[in-house]
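There are 2 protein chains.
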Amino acid sequence: MYGIAMLMKELVAASTEPLVLSILSRGESYGYAVIQEVKRLSGDKIEWTDGMLYPVMHRIEDRDSIKSRWDESETGRKRKYYSLKKGGKMAMVRHQEQWSLVHGVLSGLQKEHYV
Amino acid sequence: MYGIAMLMKELVAASTEPLVLSILSRGESYGYAVIQEVKRLSGDKIEWTDGMLYPVMHRIEDRDSIKSRWDESETGRKRKYYSLKKGGKMAMVRHQEQWSLVHGVLSGLQKEHYV
DNA sequence: TTGATATACATTGCAAGGTTATGTATGGTA
DNA sequence: TACCATACATAACCTTGCAATGTATATCAA
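As given, the protein sequences belong to chains A and B, one line each in that order. Counting from 1, one number per residue, gives the positions in the first sequence under the numbering used here. Counting from 1, one number per residue, gives the positions in the second sequence under the numbering used here.
Structure below.
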């Protein structure tokens, strides 16, 4: 393997939920598509496995941030579609605020380094 | 308690090590001072406990990113001073790259939301 | 028809790491 | 004398990422 290093575990943990919520805020989607979308948006740098994502989706649903419904795709295959609930919208904003806070401190420290 | 919400656990896990490494990249420091520095830099929004930080410092040292030495402070009290090693400098850069990547994807999604 | 690949979701088990609680010890101050 | 801030350490608990494994269907090429 060469090139892009895998994301560190802790950063994956911290980014998974905000990324999922942000993607669903653009409209209904399903697990497999979310994995592909994250890969696309990151320029192939973030590659989630399904074994990682599905438990996360269940957890977020248990927390009442998203809801799901089973439906058939155009191809006849069954899919579980997820969409954002009101609580999920609020959770997303909270995540974004906290990310901004930490990112601000970190980038501040990085700037200081060159002064 | 009112006002600032506590950082989510996952975000704490993802930010602790890069923050510690970045602070030490400015020069030698010790546990208690690192806690206060993070509090200051975050505008009192990030308040680490010592029970949380010391195991982190030990882990980072085990990973060979930092080294420590015991010394006396001006007040005569004993302190464990930490400083960045070569591997720690590289680890810090790797953390910063990964943070930038995730932050880019997240902020991209947030912008999209208003288009 | 056979095999390979992509799609699509689920669960089990291990390891890693934050949090809380607890312990030890010293210096300054009211 | 009592209390608080300073300063470090560790044990127990709980959450959670993530790899491994399983099930099932659609598509397409050989």
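Ideal Cβ placement from N, Cα and C applies to all residues, glycine included. The model shown is predicted, which means the values in this text are computed figures rather than measured ones.
Decide if residue i is buried, meaning its Cβ has at least 16 other Cβ atoms within 10 Å, or exposed.
| i | result |
| --- | --- |
| Gln-36/A | exposed |
| Ser-42/B | buried |
| Pro-55/B | exposed |
| Gly-87/A | exposed |
| Ser-15/B | buried |
| Gly-108/A | exposed |
Can the beta-carbon of residue i be found less than 8 Å from the beta-carbon of residue j?
| i | j | result |
| --- | --- | --- |
| Gln-110/A | Ser-22/B | yes |
| Lys-67/B | Lys-89/B | no |
| Met-57/B | Tyr-81/B | no |
| Lys-45/A | Leu-106/B | no |
| Glu-47/A | Lys-39/A | yes |
| Val-20/A | Ile-60/A | yes |
| Asp-50/B | Gly-31/B | yes |
Please look up how many angstroms separate the CB atoms of residue i and residue j, rounded, as I've assumed it's under 8 Å.
| i | j | result |
| --- | --- | --- |
| Ala-13/A | Ala-33/B | Incorrect: roughly 28 Å between the Cβ atoms, too far for contact. |
| Arg-77/B | Asp-71/B | Contact flag wrong, Cβ pair sits at about 10 Å. |
| Met-52/A | Gln-98/B | That pair is no contact at about 17 Å. |
| Pro-18/B | His-95/B | 4 Å |
Please tell me whether residue i has its Cβ less than 8 Å away from any Cβ of chain A.
| i | result |
| --- | --- |
| Lys-45/B | yes |
| Met-57/B | no |
| Glu-10/B | yes |
| Val-20/B | no |
Quick one: what does DSSP say residue i is sitting in, helix, strand or coil?
| i | result |
| --- | --- |
| Leu-24/B | helix |
| Ile-60/B | helix |
| Ser-68/B | strand |
| Lys-89/A | helix |
| Leu-7/A | coil |
| Lys-78/A | strand |
| Ser-83/B | strand |
| Ser-73/B | coil |
| Ser-15/B | helix |
| Gln-98/B | helix |
Is residue i near the ligand ADP, judged by its Cβ being under 7 Å from some heavy atom?
| i | result |
| --- | --- |
| Gly-104/B | In terms of ligand content, the structure shown is empty, and the ligand ADP therefore cannot be addressed. |
Contact criterion: CB-CB distance below 8 Å. Does residue i meet it with respect to chain B?
| i | result |
| --- | --- |
| Gln-36/A | no |
| Leu-84/A | no |
| Ser-68/A | no |
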